[in-house]
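Numbering (the numbering used here), first residue to last: 200 to 302.
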Amino acid sequence: MVKAIDVFHSTPISSQALTLRQMPFARQVPLPVEYKGVKVDCSYRLDLLVASSIVVEIKSVSALEAIHSAQLLTYMKLGPWRFGLLINFNVPVLRAGIRRMIL
């Protein structure tokens, strides 16, 4: 038997949970980057953008590393967002896998 939390770490399943709660979100949001007025194609994509104000980066790793936090902070700094969530679903208790970031 597969527990709901075992499959929740995928972005499509997370999106479905947000839909059921009637929360506005966008999935795989492209993040355009400009350098000295020139658009740079660096293919940044947000896993989820909830309510146009919270960047959510989803991971399923043995432990969150500094690089994961740096990735989320980069997205937040490149865009207009102040709030971010870094969620690691590969933990026994989900609460232990959530990091909140505020700029």
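Don't be surprised by glycine CBs; every beta carbon is placed ideally from N, CA and C.
Residue i - partner residues in DSSP beta bridges
{"i": "A250", "result": "A250 is not bridged to any residue."}
{"i": "G283", "result": "V254, M300"}
Euclidean distance between Cα positions of residue i and residue j
{"i": "V290", "j": "I266", "result": "18 angstroms"}
{"i": "L277", "j": "R298", "result": "19 angstroms"}
{"i": "A269", "j": "L219", "result": "30 angstroms"}
{"i": "D240", "j": "G296", "result": "31 angstroms"}
As assigned by DSSP and simplified to three states, the class of residue i
{"i": "R220", "result": "coil"}
{"i": "S268", "result": "helix"}
{"i": "L230", "result": "strand"}
{"i": "K238", "result": "strand"}
{"i": "L245", "result": "strand"}
CB of residue i within 8 angstroms of CB of residue j, strictly
{"i": "F282", "j": "L247", "result": "no"}
{"i": "F288", "j": "S259", "result": "yes"}
Close-in-space but distant-in-sequence residues of the same chain around residue i (CB under 6 angstroms, 5 per side omitted)
{"i": "Y243", "result": "L230"}
{"i": "I253", "result": "F282"}
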